[in-house]
Structure formats: C-alpha cells, structure tokens
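One line per chain: the protein sequences are A and B, in this order. Taking our numbering, the leading residue of the first sequence gets 36, the next gets one more, and so forth. Taking our numbering, the leading residue of the second sequence gets 1256, the next gets one more, and so forth. Reviewing the structure listed below.
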Amino acid sequence: MLTIIRERLRQGHRTGKYPKVEPIMPERFRGLPQLAQNLTPQSCADAVASCPFTALSSNGGKLQLDLGRCLFCADCPAAADHAALAFSNDYRLATSRREDMFLDDNVYHVAGMLNKSMRKLFGRSLKLRQVSAGGCNACEADLNVLSTLVFDLARFGIQFVASPRHADGIMVTGPVTENMKSALLDTYAAIPEPKLVIASGACAIAGGPYCNSPEAHQGIGDLLPVDLYIPGCPPHPYTALDGLLRMLGRIE
Amino acid sequence: MNNAKPLRFRNGFVVPLVELPHLDYAEFSESLLAEVAADARIASYFGRPLADGLEIYAILAHDWNGELSLLRTQVNGSFPSLTPLCPQLHLFERELAEQYGVRPDKHPWLKPVRFHKTWIDAADIWGRPHGKHPVPGDMEFYRVDGEEVHEVAVGPVHAGVIEPGHFRFQCHGEEVMHLEISLGYQHRGIEQMLIGGPHPSTIYLLETSAGDTTVGHATAYSQLLESLAGCESPLRAQAIRALALELERLANHVGDIGALAGDVGFLPTASFCGRLRGDYLNLTAELCGSRFGRGLVRPGGVGFDLDGTLPQTFVERLKILKRETRGAIDLCFDAPSVLARFEGTGLVRTDDAEALGMVGVAARGCGLVRDARLHHPFGIWEGGFDTPIIELDGDVFARGNVRRREINASLELINQLLRGLPQGPISQPLGPLAADSLALSLCEGWRGEVVHAAITDAVGRIDRYKIVDPSFHNWSGLSMAMRGQQISDFPLCNKSFNLSYCGFDL
C-alpha cells in the first residue's frame, strides 16, 4: 500500500488543463493546411492530379482541399513538389457539416454547437458507443487515449459505454467495410432517439486510404446522418476532444 | 528427392522466378513436411493465379540458421490438404480456398476466413451465391451438445473501443470447452488493391494494414522494395527505422501491461501506463509529426531526420520515462493479488504453440525462441541484437513478463542507437524493380514477425503481394489458451495476446 502511494506521488498529477490551457503540439505535427494563393492554372492542375486520395480539386481554377479526404501525408506531393499547400500546427479541425470541410480561401469553419434542446440533453452528459467499421486501430487507439488520465474525458461528462442502449450517440471509425455495414446499422438502430452521429477519422468521413476499395463504403456519409466530422489519419486526441467540446458548446 | 531440395535464402532475398523449380504437388508436400520435421516453420504460404491453375508458394523459416526456404508448386481444382500433418497451415489453406475457389481435400476445419467473394472467376467452394457478397460469420461453428452445455456468442461489436470480431464459446457452466473465432469484419481488400503497384497510395495502405504496427509494416514493405530495386537504404535511415520500431514496441507493450492491470482491477498501473503509453507515442510524433509513425518509413530511407536538438530531447525524455515506466510496472508485478490472477491463467503449452506456428510475444511466452531481430536480421540489426526475451510458462504472467522485460531491453536498444547514430543521408532514390522475381522481407514488429512477400511481373510491377501479420499465426493460440478456463477470464487472456483484427483481415 505504501509503495503504491509513494509511486502515486512520484508519478505526479498528469491531467492536462485543457481547454483552459492550450496544448503544445509537436513541432512536426501536421494540422490545418494553408493553401497557396495565386497558383498558376498549371500548378493548380498538377497539384490536383498529384493527390492519390483525390482530396484536392479545382474550383473554377482555384485550388480546393477536402479535409475529409486529406490524410495529412508527410510526403504530400502537392506540398512537396508543387508548393500548393503547407501544414500548420493548428489541431482544431472538426466541423459540423460536410461542406465546411472544403477549404479554398483559408477560412475554415470549425464545428459549432448543437441547438439548445440538444445541448440541454447532452451538454453535461454524453454517452457514446464506439463502432470500428474497418478502422486500422489507430483511430480507435487515439480515442481510447481520451479516457486516460491525461485527457480525462469523464471530467467533461463524456464517456464511452458498452451498450448502444446506454448511449446517446455513436462514434464511427473506419470506411465501413461491407462486412461491418449491417452490424453498424444495427448498433445505430439500437440507440434510443434522439441520438448523435460522429465520424472520426478520414476513413469514416470519406473512406480514407480505402476510398477506392471494392470491399469498403466511402465512410458513413451515405448511411447515417452525421453531426460531427473529425478529420485526420488518425485524428490527434486533441482534435477529437476539441470537436466534442465545441459540439456540446463547452468551448467556442 | 534431391531435385526437390528447396532453395535457401536470407531475409531480404530476391530470386528470379525462372530459378525457382516447379515441383509437382507430391514432391512439394514431401519437401515441405521434411522441412517442418527439420525444425522449419511456415512464415508465409500463398497462391498466385495463372491461366491454367493456381501456383502455391511456401516460405519456411529455419530460425537457427537464419535461413528461409522457398518451394513452389501448381494445383488445379483440388489437392490433398497438408493441415492434418502440419496444423500451422490450417488458415493458409482456408485462405487459398476462399480466395481462389480451390479445395484442400480432407482439410479438417475448412471454413471461410474473411468472408469475401473469390478473387478470380471461380465458384465458391461453400456454395455461397455467386456474385453476392458473403455474409460475415455465416459458417458452421463447432458446437458441443449436452443438456448442461451452453453457447455464448460475442461480437462483432464489442464492449470497449476496439475492433470487431465474432467469438463463440462452448461452455459447461463457467468453464470454456472451446472457443471459435470468426473474423473478417475489418476486411478492406488490401492485397487486391496492391496489385499493379507500387501506386502512390500503396505505402498508405501498408501503413494502415495494422495501424498500431505502422512502423513494422512500413519497414517490411520498404525493405522489400529496396531488395527488389537492388539498393540499400542509408545506415542513418536504418538506425532511425530501428529506433521507431522500438518506440512502437515500447508504446504498445506499456499500454498492454496497463490494460492487463486494468483487467484484474489493479488501477494504479492501469492509469500510469495509459499516460506513459501516450508519452512514447508523443516521442514518435516529435520525430515525424504522427503519433503512429505515419510518414516516417519510406522505401529508400526515412522521411524525417533525427537532427537538431531531437537526439538530446529523446535522451532526456527517455531517462525520465524509463524511471516512471519501471515504477508503474513493477508495482503490478510485485502485487500478490495481481500475480494470483496472472499465474496459471490462459495456458498454452509449448508443443501447441509450436504446432500452431505461433510467433512474437505469445510464442516467446511459451518458451519458443522466435525473434526476427535475432534470427533474420536485416540491415542495422545484423549482429546488433542477441538477447531475445523468453518466458517458459505460457500463461498470462509469461506474456506479461515478456513485455515487461522487452520494455527494459527496448529502452537500452534505443539508448545504444541514439549513442551511435550513423552520420550521412537519410534517404536515397529507388531504381526500377526487378522483373519476374519474388522478394521477401521480415521485420520483428511489436506483436511478432511481420512477413511481406511480393512477386513482380514482366515489367517490374507487383503481381501478387502477400502480407502476414503476426496475428494471423496467433489467433488460434488464443483459442487454445481459453480451453478449460473460466469464461470470465477471457478479457484477461485476450489482452495478454492483444492481437490485431485488421492485420488479420487485411
């Protein structure tokens, strides 16, 4: 017992002060991209063609980036070869609407809060059922991290629960493999109304690296009504936490 | 039989297909069984469809010689199953049946593996409707009948934030008589998407084949491509890869011990390890911006250098982490209440582990000396690793203690790597890949050996790419561990293996 207490003192208090104190992200962390303005039509077209996951498109000659498809690749050819974009350190990426994820003029609309009645229901207590539908276990691992003492998700009243019957919403990872489709829909159906749907990670938003797989759907967009999108491959735990708290109106 | 003597190679070999003898199936089986009798084990076993049948390639590992032998044959329609004589082939043969519609005759457990349509235009051997996607978990499960016997079905969606899989327990009261595991829910069709590559997307598919083993899979792939291109990555890149691989091992092992402690209700270690695991992931993020090592390992080298103040930061942070990790972990291994739950639970006998071809932490916990860093070293590992960690008991404690000791060893390895970081470039361009060749690459990921094999076509594009995640060998071990156990010990046994669903399902 004494050894345990001694070790407890040695390990110290580790729960972060987020959201009062901003987290320090690693220097090489790849967050919200900044698009180069004034690209020539040629370099814009080259950049669009260079992305293997079709995250880039040309919107009337102007470069547009779909953050739902972006994997924040370290060797992004559009960044390295065409100087079309650069990654900033900004981890705040979650949005409420799919169309908000299309970035073209470097103004990015992060998630807004739920309406008043939903906030009244879930603002101080949100229980989530997580379903991995073809995820590579990186998204799942970094959601699990939110329950560790560093992030201590429970202090915000948010918790992952075992049964969909106990849940207020579903948090999906993975592109939705054909083999997980019915289990995912069954789990969603088992959650009592009203319920929230969160797509966490590039796979759940638009298929991620598996966007061309015949064995996977392109995320949950066509299957479920999504309330929160959390981009990243996988999203940083702070990206996910920021999105959840914004949705609940706990940070603005 | 002399003409059937298999060719032998070392890790990272490339062999032109013309040099590889075609054995008829009888010769092939005889050679394969002779090899297994001479202490070899199956590292990989896969098919490649031809116009007039199916080619089968077997890659066997002779651990103590550091050699790999290679056999090939061709079958058509059906062939006698080797599983009754060599149980470690059971999933590989089922896989062939599911992918190419061939039938391994007298296979004792012939059931689907991942529940997908056949890869070629061949009839499904289970008679599932043509053109329709199979229903996952739709198979005959092994059942025990009896008035007091009941069946417990779990999954695919589990209680925690984890991947999906379906488990069927045959129970007599609390006691589990048999556990059957049916996976495939995470099947994304990776191997099929790699054909015709390397594409710009290929590396991302491999990095996400098992997301918690990003560095392991990316290293195996990069080594393979470098072998095919006939070049070697710079020494500094190899050192950075090795360092990242050990960081991945540390993060996962520390997390696993925390999870084991959590499962027996020992909360101090569970909470401390949860935080410490994150700190190791953060170190990887300092190196490459991603907590999982995305973007770090690339064919030809690495994408990020360990330069500037980073080596110093690593040394300082690891010094503190080492103390804290030891403190957190020793707490649980010193607690009699924890040991009482760990010891004797989830036993796998050494003979069974060997027969099933288990690898990695789970095999080393059963007393099997299997560590690719020692037996099949590549690049910087050559001569650099000589102390595999072995525990003899085969129980939860043994698997936990292998991890505990490997954590200490990895910290020491990282220190050595940081002290002797070679100077020079971190990457070099890759030439064209050898055509009509087979290449193989092994890498000891944190769970066990990751085996990648590729066959190229006449213009040096990938014609067949085969991934074997350590979980593929080890899931059957978990079933064995549950025999005669209480069903309430399943979470603990499962954590002690901590196998990958997506690495198995691909």
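The C-beta atom is built at its ideal place from N, Cα and C for all residues, glycine as well. Note that this is a predicted model, so its numbers are computed, not measured.
Pair within 8 Å by beta-carbon distance, residue i and residue j
{"i": "B/VAL1600", "j": "B/CYS1748", "result": "Checking the displayed sequence, the identity of residue 1600 of chain B turns out to be Thr instead of Val. Yes."}
{"i": "A/ALA202", "j": "A/LEU163", "result": "yes"}
{"i": "B/VAL1416", "j": "A/PHE195", "result": "yes"}
{"i": "A/ARG132", "j": "A/VAL145", "result": "no"}
{"i": "A/LEU106", "j": "A/ALA237", "result": "yes"}
{"i": "A/THR293", "j": "A/ILE205", "result": "There is no way to answer for residue 293 of chain A, as the model of chain A reaches only from 36 to 287."}
{"i": "B/ILE1800", "j": "B/LEU1325", "result": "The requested residue 1800 of chain B is not part of the displayed model; chain B covers only 1256 to 1761."}
{"i": "B/LEU1502", "j": "B/LEU1460", "result": "no"}
{"i": "B/ARG1702", "j": "B/SER1665", "result": "no"}
{"i": "B/HIS1508", "j": "A/GLU250", "result": "no"}
{"i": "B/PRO1391", "j": "A/ASN214", "result": "yes"}
{"i": "B/GLN1478", "j": "B/CYS1698", "result": "yes"}
{"i": "B/LEU1693", "j": "B/ALA1484", "result": "no"}
{"i": "B/HIS1728", "j": "B/GLY1321", "result": "no"}
{"i": "B/LEU1616", "j": "B/ARG1581", "result": "With the sequence shown as reference, residue 1616 of chain B is identified as Val, and Leu is not the correct amino acid for it. It is not a contact, given that the beta carbons lie outside the stated cut-off."}
{"i": "A/SER167", "j": "A/GLY209", "result": "yes"}
{"i": "A/PRO321", "j": "A/SER235", "result": "A query on residue 321 of chain A cannot be resolved here, the shown segment of chain A reaching from 36 to 287 and no further."}
{"i": "B/ASP1760", "j": "B/ARG1496", "result": "no"}
{"i": "B/LEU1611", "j": "B/GLY1732", "result": "yes"}
{"i": "B/ARG1604", "j": "B/GLY1548", "result": "no"}
Residues that DSSP places opposite residue i in a beta bridge
{"i": "A/ASN94", "result": "A/LYS97"}
{"i": "B/SER1692", "result": "B/PRO1271"}
{"i": "B/GLU1430", "result": "B/HIS1427, B/GLN1741"}
{"i": "A/GLN194", "result": "A/LYS162"}
{"i": "B/TYR1355", "result": "For B/TYR1355, which the question treats as bridged, DSSP gives no partner whatsoever."}
{"i": "B/LYS1721", "result": "B/ALA1708"}
{"i": "A/MET206", "result": "A/GLN165, A/ILE233"}
{"i": "A/GLN69", "result": "A/ALA121"}
Partner residues on chain A for residue i, Cβ-Cβ distance less than 9 Å
{"i": "B/LEU1586", "result": "THR38, ILE39, GLU42"}
{"i": "B/GLY1451", "result": "The premise fails here: B/GLY1451 is roughly 12 Å from chain A at the closest Cβ pair, so nothing lies under 9 Å."}
{"i": "B/GLY1471", "result": "Result: empty, since nearest Cβ-Cβ is about 13 Å, beyond 9 Å."}
{"i": "B/ILE1417", "result": "GLN165, SER167, ASN172, GLU175, ASN179"}
{"i": "B/HIS1762", "result": "Nothing in the structure corresponds to residue 1762 of chain B, since chain B is present only between 1256 and 1761."}
{"i": "B/TYR1459", "result": "PRO87, PHE88, LEU106, CYS108, GLY243, PRO244, CYS268"}
Partners in chain B for residue i, counting only beta-carbon separations shorter than 7 Å
{"i": "A/LEU250", "result": "Reading off the sequence shown, one finds Glu at residue 250 of chain A, where the question assumed Leu. What A/GLU250 touches in chain B: HIS1371, HIS1442, ARG1443, GLY1444."}
{"i": "A/PHE64", "result": "ALA1540, GLY1544"}
Neighbouring residues, chain A, relative to residue i (Cβ below 8 Å)
{"i": "B/HIS1454", "result": "PRO87"}
{"i": "B/ASN1537", "result": "PRO61"}
{"i": "B/GLU1579", "result": "ARG45, GLN46"}
{"i": "B/VAL1593", "result": "The premise fails here: B/VAL1593 is roughly 12 Å from chain A at the closest Cβ pair, so nothing lies under 8 Å."}
{"i": "B/CYS1757", "result": "GLY169, GLY170, CYS171, ASN172"}
{"i": "B/ALA1583", "result": "GLU42, GLN46"}
Per-residue contacts from residue i into chain B (C-beta, under 8 Å)
{"i": "A/THR75", "result": "What A/THR75 touches in chain B: nothing, since even the nearest Cβ is about 23 Å away."}
{"i": "A/ALA197", "result": "ALA1414, GLY1415"}
Proximal residues of chain A, C-beta to C-beta of residue i below 7 Å
{"i": "B/GLY1556", "result": "Going along chain A, no residue has its Cβ under 7 Å from B/GLY1556, so there is no contact; the nearest lies around 12 Å."}
{"i": "B/ASP1467", "result": "ASN172, ALA173, ALA176"}
{"i": "B/PHE1527", "result": "GLN46"}
{"i": "B/GLY1638", "result": "Under the 7 Å cutoff, chain A gives no residues; its nearest Cβ is about 31 Å from B/GLY1638."}
{"i": "B/PRO1391", "result": "ASN214"}
{"i": "B/VAL1412", "result": "VAL166, ALA218, THR222"}
{"i": "B/GLY1533", "result": "VAL180, THR183, VAL185"}
Terminal residues of the beta strand (DSSP E) in which residue i lies
{"i": "A/LEU162", "result": "Correcting the residue type first, residue 162 of chain A is Lys in the shown sequence and not Leu. A/LYS162 -> beta strand (DSSP E) spans 161 to 167."}
{"i": "B/SER1333", "result": "1333 to 1335"}
{"i": "B/SER1299", "result": "1296 to 1305"}
Beta-carbon separation (whole angstroms), residue i vs residue j, contact threshold 8 Å
{"i": "A/VAL207", "j": "A/HIS252", "result": "Rounded, the Cβ-Cβ distance is 11 Å, inconsistent with contact."}
{"i": "B/LEU1498", "j": "B/ILE1644", "result": "19 Å between Cβ atoms; not a contact."}
{"i": "A/LEU283", "j": "A/LEU120", "result": "Actually they are not in contact, since the Cβ atoms of A/LEU283 and A/LEU120 sit about 31 Å apart, beyond 8 Å."}
{"i": "B/GLU1429", "j": "B/ILE1742", "result": "6 Å"}
{"i": "B/LEU1565", "j": "B/LEU1542", "result": "7 Å"}
{"i": "B/VAL1291", "j": "B/CYS1341", "result": "5 Å"}
{"i": "B/VAL1357", "j": "B/GLY1332", "result": "6 Å"}
{"i": "B/VAL1431", "j": "B/MET1735", "result": "In fact, because the Cβ distance is near 11 Å, the residues do not count as touching under 8 Å."}
{"i": "B/VAL1270", "j": "B/ALA1475", "result": "At roughly 18 Å, the Cβ-Cβ gap does not stay under 8 Å, so B/VAL1270 and B/ALA1475 are not in contact."}
Unbroken alpha helix (DSSP H) run spanning residue i, endpoints
{"i": "B/TYR1459", "result": "1457 to 1462"}
{"i": "B/HIS1707", "result": "No alpha helix (DSSP H) holds B/HIS1707; the beta strand (DSSP E) holding it covers 1704 to 1711."}
{"i": "B/LEU1526", "result": "Correcting the residue type first, residue 1526 of chain B is Ser in the shown sequence and not Leu. 1522 to 1543 is the extent of the alpha helix (DSSP H) around B/SER1526."}
{"i": "B/ALA1292", "result": "1280 to 1292"}
{"i": "A/SER85", "result": "76 to 85"}
Check: residue i C-beta below 7 Å from any heavy atom of the ligand MG
{"i": "B/ASN1670", "result": "Ligands displayed in this structure: none; no statement on the ligand MG is therefore possible."}
Where residue i meets chain B, residues with beta-carbon distance less than 9 Å
{"i": "A/LEU184", "result": "SER1526, PHE1527, GLY1529, ARG1530"}
What are the residues of the segment 216 to 228 of chain A that lie near chain E, defined by any Cβ-Cβ distance shorter than 7 Å? Absent from the structure: chain E. Protein chains present are A and B.
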